[in-house]
Every structure is written in structure tokens, then in C-alpha cells.
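Peer 1:
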Ligand code: FES
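Residue numbers (the UniProt record's numbering), protein chains in the order written: chain R, 1 to 119; chain Y, 1 to 352.
(1) Would DSSP call residue 126(Y) helix, strand or coil?
(2) Does residue 58(Y) come within less than 9 angstroms of chain R when only Cβ atoms are used?
(3) In angstroms with no decimal places, state the Cα-to-Cα distance between residue 120(Y) and residue 241(Y).
(4) Listing by chain order, which chain Y residues have their CB less than 9 angstroms from the CB of residue 47(R)?
(5) Is any heavy atom of the ligand FES found at a distance shorter than 8 angstroms from the C-beta of residue 345(Y)?
(6) With the cut-off set at 9 angstroms, would you say residue 318(Y) and residue 82(R) are in Cβ contact?
(7) Using a Cβ-Cβ cut-off of 9 angstroms, state whether residue 95(R) counts as contacting chain Y.
(8) Among residues of its own chain, excluding the 5 on either side of residue 352(Y), which ones have a beta-carbon nearer than 7 angstroms to its beta-carbon?
(9) Looking at chain R, which residues of the region 35-59 of chain Y have a Cβ within less than 8 angstroms of any of its Cβ atoms?
(10) Report the rounded CA-to-CA distance for residue 217(Y) versus residue 275(Y), giving the unit in angstroms.
(11) Output needed for residue 25(Y): all residues of its chain with C-beta closer than 6 angstroms, excluding positions within five of it in sequence on either side, in chain order.
(12) I'd like to know whether the C-beta of residue 17(R) is nearer than 9 angstroms to at least one C-beta of chain Y.
(13) Give the DSSP bridge partners of residue 109(R), in chain order.
(14) Going along chain Y in order, which residues have a C-beta closer than 7 angstroms to the C-beta of residue 79(R)?
(15) Got a sec: which bits of the region 6-37 of chain R sit with their beta carbon under 8 angstroms from any beta carbon on chain C, in order along the chain?
(16) Under a CB-based cut-off of 9 angstroms, is residue 54(R) close to chain Y?
(17) If the cut is a Cβ gap below 7 angstroms, which residues of chain Y does residue 84(R) touch?
(18) Give, in chain order, every unbroken run of the alpha helix (DSSP H) that is at least 4 residues long and sits entirely within the region 98-127 of chain Y.
(19) Going by the CB atoms, is the gap between residue 109(Y) and residue 98(Y) shorter than 9 angstroms?
(20) Within 10 angstroms of its Cβ, does residue 110(R) collect 16 or more other Cβ (buried), or is it exposed?
(21) Assign residue 326(Y) to one of three DSSP states: helix, strand, or coil.
(22) Within 10 angstroms of the Cβ of residue 147(Y), are there 16 or more other Cβ atoms? Answer buried if so, exposed if not.
(23) State yes or no: is the C-beta of residue 135(Y) within less than 9 angstroms of the C-beta of residue 72(Y)?
(24) Report the neighbours of residue 50(R) on chain Y: residues whose CB is nearer than 8 angstroms to its CB, in chain order.
(25) Identify every run of the alpha helix (DSSP H) within the region 227-286 of chain Y, keeping only runs that are complete inside it and at least 4 residues long; order them along the chain.
(26) According to DSSP, is residue 103(R) helix, strand or coil?
(27) Does the region 11-21 of chain Y touch the region 300-317 of chain Y, meaning 3 or more C-beta pairs lie closer than 8 angstroms?
(28) Flag this pair as yes or no: are the beta carbons of residue 121(R) and residue 50(Y) separated by less than 9 angstroms?
(29) Among the candidates 145(Y), 151(Y), 67(Y), 213(Y), whose CA atom is the shortest distance from the CA of residue 199(Y)?
(30) Residue 9(R) and residue 117(R) - do their beta-carbons sit closer together than 9 angstroms?
(31) Out of curiosity, what's the CA-to-CA distance linking residue 14(R) and residue 243(Y)?
(32) Take residue 182(Y) and list the residues in its own chain whose beta-carbon comes closer than 6 angstroms to its own, dropping the five residues that flank it on each side.
(33) Between 34(Y), 346(Y), 193(Y), 123(Y), which has its C-alpha nearest residue 280(Y)'s C-alpha?
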């Protein structure tokens, strides 16, 4: 099984993300506000934008009624830098508007302050 | 585009000016009003939040912090060199267009002239690949014609840019613009400005506004055709910019069917509206809906011509279309037309 240290835990604050290399692949390492790490292919499934140039933020949820906004999930949503599609970090990188589409993801574990990505 | 080696002609690139950059091109007292009195253009659009960086691609901000589209070197690096553009047509981000500004015609006229000079000096003359658009302030018709005459003969100016808002450009009052454009081998480019849908008002949501922009493009096309602009100016062409393209078969069918019933009202039309469209109107592709190859091919068949569509990125805006990802795979011949040859055939001043 291929695995690789992609960065130190201290390099990414909760609520932030960063591009890294996993072999030849460009991966996006994300850290949610609870301190957990996640990794996805750093390329939007739509037209291929580099996701690390977008942002991690929250989202308005679809439980809202017309005219009603609820903003939550802070630090758990990746928004693409181009057309702004939203991907749910804690739900396998699924797109909010179309959960059948997801960002290709990698497994991640932390050992001694090393963030390790593996297949 | 490396696979088939097509060098693209990008028909919609938005360069952006900052007022400090055009001060030197402005005559007094207009320079004074900007420099000392903080004049700025009115802003209309109530929703500037569609994506992560407002209406721009978040990765297009110039590294030193200046707004997207304001630096030629960065545009070269991120767009023109990276994709290997053959040509790009500049369409500006002078919001709103001088023709859409309210009141103070003199300032709108001065701003359009300064912008044209800045565009020529800082973009067209600094990069061989870039071609430009003549900006005018249509409120003062005679001054606008003088501006077309002043810069229209520049070898790299390819079109006169008219905003789509609440002005219907096919009205005979504006025909002198077309006469001046034709004289200088300029085409007309139309790009929506603010607010072209909802009867001059804004809907509640950006998603409504942005969904319905093609309706504004259809209105201008019908208006230009039925007012006889293309019969009166047979060498004139119209490029509809940034309205997408899936609306084209609909408006062609609708106009043809209406023409069969109502020809008597517009007897100057010598051709079927769809033939006028095929001969004199072109449409940029962005923002492209996600179509399958089959859907895309079928649409082209419905248009009855594969010479209408001209690829555009809309760089550096948030709804940018990637040349490799936005349109489905297509046959190499068709691809060549859409990505390069149609635009070259349309603009007389683009090298063939
Ligand atoms: S490329 Fe990411 S939303 Fe379009």
C-alpha cells in the first residue's frame, strides 16, 4: 500500500486547507474545525479548477424554507475557486447540489504530527 | 489544446482598468473629477457574491493584490501562455459600460475615449495576440460616432462594443454607429450589462438573473434583425457575447415562423431570419451548459450551421469556461471551427 507523509499537522490550522504532493498526484489536505484531516484530489470535478485556490467555509443548508437562511457546517465545506461548487468534506467530498458526484478522496492518518496520505 | 494542436481564438477576455491607470489618458476637467473629487461610476448589481471571490475567479487575483484582469503579465501567464492562445478579443470590465451610465454624458464620453487609448497602449500594442473593442458612450450619438472614427481604424480594434441593457440597438437612431463600424471593418459586439432582464429591474436572486441572461440576448437579436440592420448593412456582423448558445435554435425557429405570418410588417427583410442569423450573427460559447456530445451535436444540427459558435473563456470571471473541459468532445473539424476558424472568418481584421 502506497503511503506518504504530506505535511506536518502544524502546517494546517483547523478550518484551513493546503495543496500537497502524493506521489505525482496533487492532493488537497483539509482540516476541519474539530482538528480532523481529510484529503481529496486537488482538482474540481466540474472543469478541473485547483481547489486549494478556493476556500473552506460553511454553507446555507437545504433544510431551509423559501426565504429562510441557515448557515452552518462551518469549516466543513470546500468551495471551488471558479464556479463555486460546494463539496462536503465530512461526507466523502460529495457535492451539495448533486450528492452523486464526489471529489476523489484519499485515506489519511496522523502519526507523531505527520499527516500521512494513503490509498 | 495540446492534443489536436488547435491554437484557440478566445472571443471574450475581460481586461480591467483601475482609474489611476487611465488618468493620464483623460482630458481635464474629467481627470480632476476622478483624481481630486473621488468621482466613480455608479454601480447597479445588487448581488456581487456568486462565487468565492465575488464575480471573479478566485485564483485570478494578481499576486500583488490587484484585481483580476488588471495586469497583462499575469494574464499572459495564467491564460494566454498557459493555454497557448492564438488570439484573444478584449471586452473589458468597465462596469457599467459608458453607454449604460446615467446622466453626465460628457463624463461617459471622456471615459470611453480614455479607456480606448489605455486599451490600445497597455494591451493591444503590448501583446500581438490581443485584439480590442471600441467603447463608446451612445448617449451623445455624435460624439460616439466621432470616437468610432477616431480609434476604429486602429489595426487591432475589431468591434464596437454595445452593452445589452435597456437600449434596443436596432432602432434607426443608432444606425449611424453601424455605418461607421462598417466603414472601418469593425463588427458589433454585444455583451450584457446591467440589468438586462426583468424589464429593467433586478430579480430577487442572482441565480434568476444569471439564468435569464440569454433572454436579453434574444431580444437584441430579434430587434436588430426585424429593424433591418443586416439588410441595410450587409457587411456588418454581430457577435453576441456571454449569453451561452443553447437559445439559438429556439429564436431561429420562432423568428422564421413569425416571419411567415407577419412578413408584411417588415417587408425590408429579404432573407429568412434564420438565414440572416447564419450569415451575420455569431455567438460566443460561454457560459456553456453541461451537454453530452450527442446533445451538443444535435444543437448544432438544429442551428443549421457549424459556423455560428465561437469559443470564449470569459477570463477572469467566476463563470470562466475551460477550453479543455467546458464543451464535450467533438470531431476535429468542428473543433477547429468553434475554437478558432469561425472567429477568424467573422472578424475581418483578425489575421487568417
Ligand atoms: S471548476 Fe469547480 S465549480 Fe467549476
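Note that beta-carbon positions come from the ideal geometry of N, C-alpha and C, so glycine has one too.
Computed from a prediction, not measured in an experiment: that's the story for all the values here.
Peer 2: A quick look at the data gives this:
(1) coil
(2) yes
(3) 21 angstroms
(4) Chain Y residues near residue 47(R): 320, 321, 322, 324, 325, 326.
(5) Outside the cutoff, so no.
(6) yes
(7) Residue 95(R) has a beta carbon lying at 9 angstroms or more from every beta carbon in chain Y.
(8) 344
(9) If the cut-off is 8 angstroms between Cβ atoms, the region 35-59 of chain Y has 50, 51, 52, 53, 57, 58, 59 near chain R.
(10) Cα-Cα distance, rounded: 18 angstroms.
(11) 114, 117, 118
(12) no
(13) Beta-bridge pairing links residue 109(R) to 116(R).
(14) 52
(15) No chain C is present in this structure, whose protein chains are R and Y.
(16) yes
(17) 50, 51, 52, 318
(18) 105-119
(19) yes
(20) exposed
(21) Three-state result, residue 326(Y): coil.
(22) buried
(23) no
(24) 59
(25) 229-232, 248-262, 273-280
(26) coil
(27) yes
(28) As displayed, chain R neither begins before 1 nor continues past 119, which places residue 121(R) out of reach and without an answer.
(29) 213(Y)
(30) no
(31) When rounded, the distance between both Cα atoms is 40 angstroms.
(32) 233, 235, 236
(33) 346(Y)
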